[in-house]
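What follows is one structure encoded as structure tokens, with my remarks underneath.
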Amino acid sequence: MAGQAQYEELARQLSAVGAVKRDMGRILPPDCPAGAAGVLGLLGQRGDMRMGGLAELLSVDMSVISRHVAHLAAHGWIERLPDPADKRSRILRLTPAGTLLLDELYRRTTRLLAERLSDWSDDEIGQLVRLLKRLSADFGECRSAPDRHLAPLGPGA
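Each residue of the sequence shown is one higher than the one before, starting from 35 at the first, in the working numbering.
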């Protein structure tokens, strides 16, 4: 098992990932914020979904998903269809315009990553992908586990 110093360094490096995400966010079109792009990406990967499924996958509140969905629908990038299994619910689907936008977002992202990682070997990129998938999966398991939150820090903690 890794030691305290390794976990502390990992925490610092994960904080630095925020800068990478912000840099990647700069390539998004002005009318497509990062959260909305994330919703488009999930619909592109997983197909039609309910809002609750998106909220769970993105680990956000339904109100956040509702705002992103309203924004995407207003731009014509997704459509909200009646759910045949539950008339109160809606199924979200990419429109052809949404698919075109998502394709453009993938092109931009791929270009940026290729530029920034041009001196990385294929093996290094593959290793990073494998480790990030593993990290994501391990944290995803925590999301669905019953209250595994840490106790709040207090005096002398």
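Ideal placement from N, C-alpha and C gives every residue a C-beta, glycine not left out.
When we look at the beta-carbon of residue i and count the other beta-carbons within 10 Å, is it buried (16 or more) or exposed?
i: valine 54; result: exposed
i: alanine 68; result: exposed
i: methionine 35; result: exposed
i: aspartate 172; result: exposed
i: valine 163; result: exposed
i: leucine 165; result: exposed
i: alanine 39; result: exposed
Would you give the residue range spanned by the beta strand (DSSP E) that residue i belongs to?
i: leucine 128; result: 120-128
i: leucine 151; result: Premise fails: leucine 151 is in no beta strand (DSSP E) and is neither H nor E.
I'd like the span of the alpha helix (DSSP H) that includes residue i, first residue to last.
i: leucine 88; result: 85-92
Do residue i and residue j have their CB atoms nearer than 8 Å?
i: leucine 126; j: leucine 77; result: yes
i: methionine 96; j: glycine 86; result: yes
i: isoleucine 61; j: threonine 133; result: no
i: methionine 58; j: leucine 169; result: no
i: leucine 106; j: isoleucine 99; result: no
i: glycine 75; j: leucine 136; result: yes
i: aspartate 65; j: histidine 109; result: yes
Between residue i and residue j, which are expected to be in contact by the criterion C-beta below 8 Å, what is the C-beta distance as a whole number of angstroms?
i: arginine 124; j: leucine 115; result: 6 Å
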